[in-house]
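Protein chains: 2
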Amino acid sequence: MPNILDPRDISFLLYDLLGLEALLEATGHDRATADGILATAERMAEELFQPFAAKADAEEPRFDGTRVHLIPETEPALKAYAEAGFPAAGFAEADGGMGLPYLLCQAAAGWFTAANVGFAAYPFLAQAAGNLLAAYGTEEQKAKYLAPIVEGRFFGTMCLSEPQAGSSLADIRTRAEPQEDGSYRLFGDKMWISGGAHEMGENIVHLVLAKIPGGPAGTKGISLFLVPKVLEDGTLNDVRLAGLNHKMGYRGATNCALNFGEEGGAVGYLVGEPHRGLAVMFHMMNEARIGVGQGAAVLGVSGYLHALDYAKERTQGRDVTERDVTTPMVPIIEHADVRRQLMQAKSYAEGALALCLYAASLVDREKAGDAAATQLLAILTPIVKSWPSEFALRANDIAIQVHGGYGYTRDYPVERLYRDNRLNPIHEGTKGIQGMDLLGRKVVQDGGAPLRALLAEIGATLKAAEAMPEERDALAALVGRVGEVTMGMAATAAQDPKGYLANATVYLDMLGHVVVGWMWLRMALAAESHPDADFAAGKRAACRYFFRYELPATGPWLDLLAAQDRTCLEAEASWF
Amino acid sequence: MPNILDPRDISFLLYDLLGLEALLEATGHDRATADGILATAERMAEELFQPFAAKADAEEPRFDGTRVHLIPETEPALKAYAEAGFPAAGFAEADGGMGLPYLLCQAAAGWFTAANVGFAAYPFLAQAAGNLLAAYGTEEQKAKYLAPIVEGRFFGTMCLSEPQAGSSLADIRTRAEPQEDGSYRLFGDKMWISGGAHEMGENIVHLVLAKIPGGPAGTKGISLFLVPKVLEDGTLNDVRLAGLNHKMGYRGATNCALNFGEEGGAVGYLVGEPHRGLAVMFHMMNEARIGVGQGAAVLGVSGYLHALDYAKERTQGRDVTERDVTTPMVPIIEHADVRRQLMQAKSYAEGALALCLYAASLVDREKAGDAAATQLLAILTPIVKSWPSEFALRANDIAIQVHGGYGYTRDYPVERLYRDNRLNPIHEGTKGIQGMDLLGRKVVQDGGAPLRALLAEIGATLKAAEAMPEERDALAALVGRVGEVTMGMAATAAQDPKGYLANATVYLDMLGHVVVGWMWLRMALAAESHPDADFAAGKRAACRYFFRYELPATGPWLDLLAAQDRTCLEAEASWF
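The listed protein sequences correspond, in order, to chains A and B. With the numbering used here applied, the first sequence covers 1 to 576. With the numbering used here applied, the second sequence covers 1 to 576.
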């Protein structure tokens, strides 16, 4: 079994839960087109990309001092991906794209990520860079750099971090010196640049944060630059690969230390306004954060599916009431604790995927002018980034455990999927950063409008949840408590900002659980009319499981938050 | 910084918490001897073993079809270990050992495991095999095989699992044919044999579970055999290495598929009575399970110490109230969420280590004839095996997270420590097996005496806990609830065994949290008189943290257990 994703669940999420059909109609497409794209993604993920995922992990990219060597399977697979039209799928028709809903594009992307996350990084980084140029690039920049990205000929990167500044972007040192021709020369060292160096495609479009000398200190002095690997005259720009990082997982994708300007300055072009680079980059980063969450979710789903297959095939032991040891052993899925582990993994991974695709649908709604979607995305983005990174990753951990000793070996894919997924709580803003974003910015912005929008949306589900009264009542009570506790916290935020933020990560996990509980309730309700009775029963059971086994963790978390516990805040560094 | 273990904490645990001095006195030793041994272990771990831990991971053992190749650092380090007398430390003086308390031996072992877990596997497997021979071997077997183990010249293995039977030992197929000279010939395939093949030392003593034809079915027909790699006449026994398993971590130790008897039968000698092999092996396995827990704990401690060092050195960002971005960045330990992560890791790893060393002290008390210690070990062994494997492992996960992107690279040791530790929830009985052992056997045996002994022991601490009233009252309430819920569950165990056992793993986590909460309270109380005020404040703060942030998770778990929730039990395989 390929065990990449479950096409039945993808179809359920897109059509029964998230209304893809309406989004297709609004953009001039139809379900047949969408189904064709999804089927192609599934087939290519299975036939072209999954087969070399293990090899890409075992034989990680190698830098010989001059160029980077990838395993030979990568480039042809990327070409086939481009030839099938995937790079163009999400871009507007005005930019040469197909103008498909973001929700559909994300679902298709899920197949590639789950099949081979290292491979998928290359086209998705190109797409992210393209999205930014589509929104902020000049017509000239679009013609020269966006068009070939849409055609799948150019790749892209996001160059934010530096060795001394990752989470603290205010402290980047890369500088951009203005030139008389309107271009800039960049000087500085960038770190953790995925896809930063390789020989595929015709060019790499680096999007680089740098400071123009004389600008304001901190984040207000950051500008964004387009720095191509290859200049228009065909010569190489002054961007040098200093080295590759050797990672725990995610090894198919090069991750680079890049030096800009060692030989006189890397040629760069300003994107957007000077000193407005961080706001521009955040446009891209919000989608990148949804992408990280979704990557975590689909890797978790893949791990869960592998574990499920194994649990149905591997025999071991007997029913606890069976005393006759000469009877045949039973598949381990028959053991209650294995079933509990599978249910936990299912509730985490499928819950995470529902959340991420829901967020993707909000991006479509926002593009269509839905103001509520903007508020929902504001409050949900840190959760969409973090919750799957923590809990879908646990599905990968459970997948190892279900396989027993075999799961700990490299003969089975589950340990690799775990290692691949372990990056997700770190990049695009660590979990701690997401907690600060949620509680320090999103909860307090617009007088609390984002959280109110979320609780109102949950309330709408509760009104139509008479089929699941136990879960409806539990979630209703929880929503009330979240509102109360948040108001209590917010009341002291101004005079005690450190106390307010001390347990931001706990708040993030708590609200994440509430949101995923809501997703499970929505799934259980939507599955009521599903023609596949087993599928519907599985969704109902996983919903029940999540409400009984997982959601109650929010109780102690809310107690902590209500008490504004200062145990960690007041611990001194010397005590450790 | 080596960051292997914290000698200050080891000394605190051994002397202030667990009364090593009395155990030393009872066995005719003194504190100076013990301190010398610990200092030697610390120095050798740091100077000899830690330096090649990363290399042993990167260059895992290789099998060329004839022999196994280890990196050249391993053998001299093992020789130095033997020359320092460590293999003899724990054995009785009658067997040529030093007769030191098990508690002291375990603490010394902790230094080696934390420094280089793959290396440490070799001597510890020899020690486990030696312990079994000391308890059950004939005088002849002891002279021929135990003595050279005590001298550090022979190594050992435990051969239980087979490809088709790991958790289900009843289903092993290896058979032992009796010979006229009283020996046996063994035929069968064994799997997951750590240290099963290498060229170090003079011999490897395999302890092998097999069935004598004609015996009872299931576990009642299992016997234990001593199968040496090299026979007395110097020829090789019929034990063939079929292949090495390639693992996620723990790579320094060979892990083997071994075939016995392909060329006519492997010569084996019965240890103990026929058909009583599992009981004999369990003697060894109980100590092995304590060893697994302790291995998990010390790897967690090492990860925590690395994270702590990094958090004190790495600067990033500023205080949340600091608006001037031109001020210098602060060490990340100044950020509340990093401090929360460190506190969580400390509470898990140091709590786990206290639990494991406490269990080691119970082994000493049991040897000295303390009946309560036997009851406490019965109930605690599954917890000692499982809780550190789950939660000290999370300390390794947190250590990666605190390091950010750097923690995800192989340039820092924290990702390797995570991979090494991930084995521990699997081997020597998976977590699911431990839950069944706890709830299905230990809780119900002797009319509930083991659990009563545990709750009584906790009660004794509570009586002397006036210095920590918040924690005392919380734990007292919890202990009462554990008793009630367990009685409620036990009342239905006979008529509904499947329902009773359905949430055994939840029970295991719940009782584990209670026990570790108790350990933290004991540590906080014992630290009151500690001369190092920072150390004492750290123990108190971590105790408070564990009670406020972690222990409340038991509330929802106890609710689930009280309800005897059947959500997972009643989910059908086709629903997944």
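Ideal Cβ positions, reconstructed from N, Cα and C, are used throughout, including at glycine.
Interface flag for B/T113 against chain A is unset, since no Cβ pair is found closer than 8 Å. For B/I4, same chain residues with a beta-carbon under 7 Å away, outside a window of 5 residues either side, are A45, E46, Q50, W111, A114, A115 and S302 in chain order.
Per DSSP, B/C568 lies in no alpha helix (DSSP H) and is assigned neither H nor E.
Against B/R43, chain A offers no close residue; the least beta-carbon distance is about 24 Å (beta-carbon pairs closer than 9 Å).
Closest in C-alpha terms to B/A170, from the list B/N259, B/R276 and B/L299, comes B/R276. A/Y184 sits in a strand when the DSSP states are folded into three classes. The alpha-carbon separation between B/A89 and B/E139 amounts to approximately 20 Å. Look at the region 464-481 of chain B: it has no residue with a C-beta under 8 Å from a C-beta of chain A.
Residues of chain A whose Cβ lies closer than 9 Å to the Cβ of B/Q401 are, in chain order, P425, I426, T430, K431 and G432.
Just measuring C-alpha positions, the residue of B/A502, B/E59 and B/S223 sitting nearest B/M436 is B/A502.
Note on geometry: alpha-carbon atoms of A/M248 and B/D420 lie some 12 Å from one another.
Here B/G130 is not bridged, per DSSP, to any residue.
With contacts defined as CB atoms closer than 8 Å, A/G201 and A/R153 qualify as a contacting pair. Classified as exposed, B/F282 has fewer than 16 neighbouring CB atoms from the shown chains inside 10 Å of its CB. A Cβ-Cβ contact shorter than 8 Å links B/G268 with B/V227.
For B/A453, the closest Cβ of chain A is not nearer than 8 Å. Neighbourhood of A/H246 in chain B, by CB distance below 9 Å: T409, R410 and D411, in chain order.
Among the residues of chain A, those whose CB is under 7 Å from the CB of B/Y545 are T567 and C568, following chain order. It is roughly 29 Å from the alpha-carbon of A/W387 to the alpha-carbon of B/I433. Contacts between B/I333 and chain A, judged by CB atoms closer than 7 Å, involve A573 in chain order. Under a criterion of Cβ atoms nearer than 7 Å, no residue of chain A is adjacent to B/K211; the nearest Cβ is some 12 Å distant. According to the DSSP assignment, B/V384 belongs to the alpha helix (DSSP H) that extends over A371 to W387.
A contact is defined here as three or more CB-CB pairs under 8 Å, and the region 502-516 of chain A meets this definition with respect to the region 379-393 of chain A. For A/S223 against A/A210, the beta-carbon gap comes to about 6 Å, under 8 Å, which counts as contact. Looking at the DSSP output, A/A266 bridges to A/L186.
Not a single CB atom of chain B sits nearer than 8 Å to the CB of A/M510. In this structure, DSSP gives B/M191 an extended state, which the three-state scheme calls strand. DSSP lists B/D189 and B/R240 as the beta-bridge partner residues of B/N259. When secondary structure is reduced to three states using DSSP, B/I222 falls in the strand class. Among the bridge pairs identified by DSSP, B/T157 is matched with B/H206. Every alpha helix (DSSP H) stretch that sits fully inside the region 513-565 of chain B and reaches 4 residues is listed by chain position as 533-545 and 554-563. Judged by pairs of C-beta atoms under 8 Å, the region 3-20 of chain A does not touch the region 57-64 of chain A, as fewer than three such pairs exist.
For B/A504 and A/T40, the gap between their C-alpha atoms comes out near 44 Å. Three or more pairs of CB atoms, one per stretch, sit closer than 8 Å, so the region 257-268 of chain B contacts the region 177-195 of chain B. Between B/N424 and B/M284, the gap from beta carbon to beta carbon reaches 8 Å or more. In the three-state DSSP reduction, B/E47 falls in the helix class (H, G or I).
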